[in-house]
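This is the structure in structure tokens:
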């Protein structure tokens with residue numbers, strides 16, 4: 001997920017210009033990659049098998065979850081960015 005700390009909230013303008021859909025999809029793809037790599041490592045260490053179906057299913061589930069969680073993070077980042085803008089105007 002793309003979560004910006006209070007120190008880096010000034011970078012939010014990049015994602016703000018792209019739009020919510022692009023942000024949510026990018027967060028979902030990042031989650032897909034993390035889940036797929038994690039599944040691959042666990043599967044190869046524990047079971048010594050390599051199954052593409054499991055990796056794809058696990059990764060796609062992660063992408064959907066990541067995309068839905070990104071909606072909440074969008075609003076949180078937006079709120080913190082507005083507070084940061086107000087503090088810069090003072």
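In my numbering, the protein residues as written are 1 to 90.
Yeah, the Cβ is synthetic: ideal placement off N, Cα and C, and Gly gets one too.
For this session: Would you identify the three-state DSSP class for residue 90, choosing helix, strand or coil?
Result: As a working note, residue 90 is residue 90 in the chain shown. Coil.
For this session: Name the residue from 78, 38, 75 whose alpha carbon lies nearest to the alpha carbon of residue 59.
Result: As a working mapping, residue 59 is identified with position 59 in the chain shown. The shortest Cα separation from residue 59 among 78, 38, 75 belongs to 38.
Exercise. Is it true that the region 21-39 meets the region 78-90, where meeting means three or more beta-carbon pairs spaced less than 8 angstroms apart?
Worked result: No, the region 21-39 does not touch the region 78-90.
Problem set entry | Pairwise C-alpha distance: residue 53 and residue 62 | The residue given as residue 62 occupies position 62 in the chain shown. The residue given as residue 53 occupies position 53 in the chain shown. About 14 angstroms.
Exercise. Ordered along the chain, which non-local residues of its own chain (more than five positions away) have a Cβ less than 6 angstroms from that of residue 3?
Worked result: As a first step, residue 3 is located in the chain shown; it is residue number 3 there, counting from the start. In chain order, 73 place their CB closer than 6 angstroms to the CB of residue 3, counting only its own chain and leaving out the 5 sequence neighbours on each side.
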